[in-house]
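>
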Amino acid sequence: MGMEFDDLQQDILNDARRHYSEETVDHFMNPRNLGPMEEADAFAEFHGPCGDTIGIYVRLNGDIIEDVRFITDGCGTSIASGSMVTILAKGKTVEEAMSIQQEDVLRELGGFPPEKEHCALLAVMSLRKALKLVNV
Ligand code: FES
Numbered sequence: 003m004g005m006e007f008d009d010l011q012q013d014i015l016n017d018a019r020r021h022y023s024e025e026t027v028d029h030f031m032n033p034r035n036l037g038p039m040e041e042a043d044a045f046a047e048f049h050g051p052c053g054d055t056i057g058i059y060v061r062l063n064g065d066i067i068e069d070v071r072f073i074t075d076g077c078g079t080s081i082a083s084g085s086m087v088t089i090l091a092k093g094k095t096v097e098e099a100m101s102i103q104q105e106d107v108l109r110e111l112g113g114f115p116p117e118k119e120h121c122a123l124l125a126v127m128s129l130r131k132a133l134k135l136v137n138v
């Protein structure tokens, strides 16, 4: 049973690697900054047209983003996108992070199939919504 499950997992992974970059598979399997943050300065959720949601928590030190975390009920690429957008935002000023684009997330993750590119936009829109709530 355990053996079969491992084989199945391996099959799924091999299939994922045909469509997604190593970076995307890595961020999906080992997402960075995933999970709620205590004592956040701001939290916002953005709902995508696909029906999925990404929530972003932000904590500031002055106007520097000291910590940023995400939650999602979305697909694998939304997990990878949330992971990457938090990495890109961390340590930046609010203004700098506001200008992070969908293309930046896609580039860092080695691109998505076209039908999945909106997942990266969802992560970026969630970040911007959270940043709009902080007064600097
Ligand atoms: S976030 Fe909805 S399909 Fe990826």
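Following the working numbering, the numbering of the sequence shown begins with 3 at its first residue and continues without gaps.
Cβ coordinates follow ideal geometry from the N, Cα and C atoms, glycine included.
1) Comparing alpha-carbon positions, which option in E110, H29 and A99 lies nearest R61?
2) Check this for me: beta carbons of G57 and A46, under 8 Å apart or not?
3) Near F30, which residues of its chain fall below 6 Å by C-beta distance, leaving aside the five closest residues on each side in sequence?
4) Starting from D75, trace the alpha helix (DSSP H) in both directions and tell me its first and last residue.
5) Could you tell me the alpha carbon to alpha carbon distance between I102 and N32, rounded to whole angstroms?
6) Between L15 and G76, how many whole angstroms is the CB-CB distance? I'm expecting something under 8 Å.
7) Considering just the uninterrupted stretch of the beta strand (DSSP E) at R61, what are its terminal residues?
8) If you draw a straight line from the alpha carbon of D28 to that of L135, how long is it in whole angstroms?
9) Work out the CA separation of R130 and K94 for me, nearest whole Å.
10) Under the DSSP definition of a beta bridge, which residues are partnered with D69?
11) Could you tell me which of K92, Q104 and P38 sits nearest to T74, measuring between CA atoms?
12) When you compare only the Cα positions, how much space is there between E41 and V70?
13) Does DSSP put E41 in a helix, in a strand, or in coil?
14) By the three-class DSSP mapping on this structure, what secondary structure does L36 have?
Result, derived from the coordinates:
1) A99
2) yes
3) G78, I81 and A82
4) Per DSSP, D75 belongs to no alpha helix (DSSP H) and is neither H nor E.
5) 22 Å
6) Not really, about 19 Å apart at Cβ, beyond 8 Å.
7) T55 to N63
8) 31 Å
9) Cα to Cα, the separation comes out at about 13 Å.
10) R61
11) P38
12) Cα to Cα, the separation comes out at about 11 Å.
13) coil
14) strand
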